[in-house]
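Read the structure below first, then the notes.
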Amino acid sequence: MPDSGYVNYAGVLGLDPDFKPGDVRRNYRKKIKDLLVEITGQAMTEERRNRYLLQMAQMNAAFYILRDNDLREKYQADRDAVIRLEEEWRLAAEADPGAADNLRRRFDQALRHFLSTYLEELMLQAGRDPECVENSGWDPAHERHASRVLRHYRQRIYHEIHERLPYYDVTRPEADWAERARFADAVITGGTR
């Protein structure tokens with residue numbers, strides 16, 4: 422799937438493609454309430470805490486981005502641009518691998534911008550929003566712990582996306598193994614070449 426890895430905030434809140442701002446608020450409140458109930462019923466481990474912080478940050482960011490028309494349109498345009506650049510790079514890599522390097526650089530720059538903006542910066546910014554704080558109980562302690570979790574999440578998504586991309590053809594190294602063996606023997610015995 423070409424858009425896998427590019428966070429879909431409408432999907433995070435379970436919204437239909439033609440959602441309205443009221444749907445964003447209603448779904449966010451229901452999902453965050455369900456998450457808070459789930460959290461209170463669990464014994465907290467490091468792994469669970471990180472997972473819950475990530476889920477809470479994703480929901481806060483989804484609400485923060487999707488409720489604002491301008492921010493939602495910018496997010497959707499940035500997301501579509503990164504997906505489009507990936508597809509252009511794939512097609513260029515199949516047709517002419519030499520010419521694909523420029524597209525690879527443009528894609529990588531757009532991807533880094535998208536991930537750092539929407540998977541880290543805006544998630545933390547959403548946690549400072551009064552309505553998100555009121556509904557999720559997000560506070561400075563959450564933000565301290567979440568900044569590390571979000572950085573790791575961003576890096577994991579970055580690597581997952583890059584694993585499926587067409588980099589370069591890998592060729593076998595051309596090494597003279599006999600020459601290397603003679604050199605190693607000379608070094609081990611203390612002699613010179």
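When we follow the numbering used here, the leftmost residue of the sequence shown carries the number 422, and every step to the right adds one. A virtual CB, placed ideally from N, CA and C, is assigned to each residue, including glycine. The structure displayed is predicted, hence computed values, not measured ones.
Does the beta-carbon of residue i have 16 or more other beta-carbons within 10 angstroms, so that it is buried, or is it exposed?
| i | result |
| --- | --- |
| A547 | buried |
| E584 | exposed |
| F535 | buried |
| V458 | exposed |
| R572 | exposed |
| M465 | exposed |
| Q479 | buried |
| V624 | Absent from the structure is residue 624, since the part of the chain shown begins at 422 and ends at 614. |
Helix or strand or just coil, what does DSSP make of residue i?
| i | result |
| --- | --- |
| A531 | helix |
| R450 | helix |
| N471 | helix |
| F440 | coil |
| P594 | coil |
| A520 | coil |
| S568 | helix |
Let's see if you can read the secondary structure: which residues bound the alpha helix (DSSP H) around residue i?
| i | result |
| --- | --- |
| Q497 | N490 to A516 |
| Q546 | L543 to A547 |
| A431 | Y430 to V433 |
Checking 8 angstroms against the spacing of the C-beta atoms, do residue i and residue j come in under that value?
| i | j | result |
| --- | --- | --- |
| L475 | V570 | yes |
| M477 | W598 | no |
Could you give the distance in angstroms between the alpha-carbon of residue i and the alpha-carbon of residue j?
| i | j | result |
| --- | --- | --- |
| Y430 | D522 | 30 angstroms |
| L524 | Y574 | 25 angstroms |
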